[in-house]
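Read the structure below first, then the notes.
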Amino acid sequence: MDKRMGSLVMIAVLMLVTRRWIGVEARPAVERRNLLANGLGMTPPMGWNTWNHFYCNINETVIRESADALVSTGLAKLGYRYVNIDDCWAEHDRDSKGYLVPRKSTFPSGIKALADYVHGKGLKLGIYSDAGSRTCSQTMPGSLGHEQKDAETFASWGIDYLKYDNCNNGDLKPMKRGDMHPALWADKLGNSWRTTMDINDSWESMVSRADQNEVYAEHARPGGWNDPDMLEVGNGGMSNDEYIVHFSLWAASKAPLLIGCDVRNLSKETLAILGNEEIRSVFKRRRGDMHPDLWADKLGNSWRTTMDINDSWESMVSRADQNEVYAEHARPDSWNDPNMLEIGNGGMSNNESARCSSEEGENGGDHKVWTAPLSGYRTVVVLLNRSPEFRIITAQWDDIGIPPKTIVEARDLWKHATLKKRFVNKVKANVPPHACKMFLLMPLPLSE
């Protein structure tokens, strides 16, 4: 599945969705309805998916045992209820009537029987298809030309969730420019959408997916969620601290929490991360926005990748960071535009106009402050240290939307403890390398 950019979508029965605008304009308005109104995905979906750990090495025993494990570990009670079969579950070809056929060697009981088993556990079953002629693995047919038939098939099996990918569609052209950035348009088609290329089990891949996903923060809301790909927590490619960062950023950004490891063999450390009930409680709150985001405007030979710039150092470096996310899309005759130059307007020094920022903390080195606002000026803050050394990282009230001089109580969501110190105007912490601190900030009454 190299270079695969799937669109993760949750469907209602008999609703088939696609990543491209195939024939949408000609359909009745009722069929084009916004899926925010279908009652699904009011909070981001949680569950387990086969791909990150098993790839194509799946069978019905793995699915049944994984469903059992979600229940026995207590993860199902925390909300991990989707059991999602990814690519490679069907025979290479359709049957004589054009229907998808479960692979006899790996799913001899069929998908309907598997759905019944999963439903019997109080869980939901998800399945995978593709908008092209074949899926990304090339091992089974895609749904192109069979959309209605496949939708009816999935409904008859009792499927609750569809992940719909976008490989092998040849020269098929979208009716609108919809190849990339589905967060900008997919709320009419699904309840979540991919915002990044596939993740892999490494620090570099994980933090880059978080950065890419951040660009679309304003598009996440109840009924429609940004998906930076499935969790790699527990697959062994990162340290425990790095997996804590991974989970923290996905939860804070209200991304789907789809476990990607072998849930039948969870370590104590992995279960503690995936089963963090305090973070799960924050994650399940319906408000979806993270920090202010940008929009992209594709008109002709260049397109805006940021909000308007102003003549300040902070504005300039943030626009540079936002623009960097789209670097791979710039090419001759098609250019990314982070807005016009402010050189010479007097708001910055000569050094600032030419300088590149690395998001330095008080002691230097990479860091980032992620915020997820809640009601009543409560805010979740993630202080992320990307560097290989300890860094002091500060979140200022002005930057995270808390009124000045507000006295705040901070609860450490990983240590499950409320800090004794009260904070005014900022919170800061000394953060280990490739690690984070995650606090729930709660304003206190003035009398306190």
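Using mature numbering (1 follows the signal peptide of the UniProt record, and there is no 0), the letters of the sequence shown map in sequence onto residues -26 to -1, 1 to 422. Glycine residues also receive a C-beta, built at the ideal position from the N, C-alpha and C atoms. These numbers were taken from a predicted model, which means no experiment stands behind them.
Rounding to the nearest angstrom, what Cα-Cα distance links residue i and residue j in this structure?
i, j, result
"residue 252", "residue 180", "22 Å"
"residue 59", "residue 161", "23 Å"
"residue 2", "residue 129", "Unreliable positioning characterises residue 2 in this predicted model, as indicated by a pLDDT of 41, which lies under 50. The coordinate reading is nonetheless provided below. Cα to Cα, the separation comes out at about 22 Å."
"residue 404", "residue 364", "7 Å"
"residue 74", "residue 56", "22 Å"
"residue 212", "residue 72", "43 Å"
"residue 107", "residue 66", "12 Å"
"residue -4", "residue 35", "Residue placement at residue -4 cannot be trusted, given a pLDDT of 29 that sits under 50; what the coordinates show is reported in the next sentence. Going by the C-alpha atoms only, they are around 39 Å apart."
"residue 359", "residue 89", "42 Å"
"residue 94", "residue 70", "32 Å"
"residue 197", "residue 17", "7 Å"
"residue 283", "residue 383", "34 Å"
"residue 79", "residue 136", "23 Å"
"residue 142", "residue 187", "24 Å"
"residue 31", "residue 84", "17 Å"
"residue 406", "residue 144", "47 Å"
"residue 23", "residue 224", "16 Å"
Only counting the same chain, and skipping five residues up and downstream in sequence, which positions put a Cβ closer than 6 Å to that of residue i?
i, result
"residue 109", "61 and 116"
"residue 157", "167, 169, 190, 193 and 200"
"residue 41", "57, 92, 95 and 97"
"residue 243", "214"
"residue 417", "351, 380 and 382"
"residue 104", "116, 139 and 141"
State the DSSP-derived secondary structure class of residue i, mapped to helix, strand or coil.
i, result
"residue 370", "strand"
"residue 359", "strand"
"residue 406", "coil"
"residue 390", "coil"
"residue 166", "strand"
"residue 341", "strand"
"residue 224", "helix"
"residue 161", "helix"
"residue 414", "strand"
"residue 365", "strand"
"residue 352", "coil"
Among residues of its own chain, excluding the 5 on either side of residue i, which ones have a beta-carbon nearer than 8 Å to its beta-carbon?
i, result
"residue 249", "47, 48, 49 and 52"
"residue 81", "33, 34, 63 and 88"
Leaving out five residues before and five after residue i in sequence, what residues of the same chain have Cβ atoms less than 7 Å from its Cβ?
i, result
"residue 37", "57, 59 and 88"
"residue 254", "52 and 53"
Are there three or more Cβ pairs, one per stretch, closer than 8 Å when the stretch 377 to 388 is compared with the stretch 396 to 411?
yes
Inspect the CB distances between the stretch 20 to 35 and the stretch 229 to 243 and report whether three or more fall short of 8 Å.
yes
I'd like the ranges of any beta strand (DSSP E) spanning at least 3 consecutive residues and lying wholly in the stretch 52 to 139.
56 to 58, 98 to 104 and 135 to 139
In chain order, what are the residue ranges of uninterrupted alpha helix (DSSP H) at least 4 long that sit wholly in the stretch 168 to 204?
177 to 188
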